[in-house]
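Take 1 as the starting number for the sequence shown in the working numbering and just add one per residue.
Glycine included, each C-beta is placed from N, C-alpha and C at the ideal position.
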Amino acid sequence: MSKLKKCPFCGNKNIFVGKDWEISGLDKGDGTGYFAAVCDYLNGGCGAAGGYRKTKEEAIAAWNKRESEVEHDA
């Protein structure tokens with residue numbers, strides 16, 4: 001598993017990776033089962049999220065990707 005980068009917005013190093021139902025505080029059966037990385041607001045973070053992905057590894061990769069690494073159309 002890849003190491004999680006700190007939050008690009010607040011600098012928090014407490015990043016939580018979990019399924020949608022865990023993040024939203026729902027019952028297990030009420031979610032889609034997709035994963036997201038979230039700056040853990042319960043541990044001093046701002047709540048920023050990297051978006052939902054099918055796997056935990058994809059969610060971590062999305063979180064770790066920074067704007068400076070994204071190609072843009074001219």
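Own chain residues within Cβ distance below 7 angstroms of P8, not counting five before or after: When the five nearest sequence neighbours on each side are left out, the beta carbons in the same chain lying within less than 7 angstroms of the beta carbon of P8 are those of R66, in order along the chain.
Let me make sure I understand the geometry here. Which of K19, V38, A36 and A37 has the alpha-carbon closest to that of G29? With distances taken between Cα atoms, G29 lies closest to K19.
Of the listed residues K6, S68 and D73, nearest to V17 (C-alpha basis): K6
Assuming the contact rule is C-beta atoms closer than 8 angstroms, N64 and S2 should be a hit. Round their C-beta distance to whole Å, please. 6 angstroms
Mark D40 as exposed unless 16 or more other C-beta atoms lie within 10 angstroms of its C-beta, in which case mark it buried. buried
Rounded C-alpha distance that separates T55 from D73: 28 angstroms
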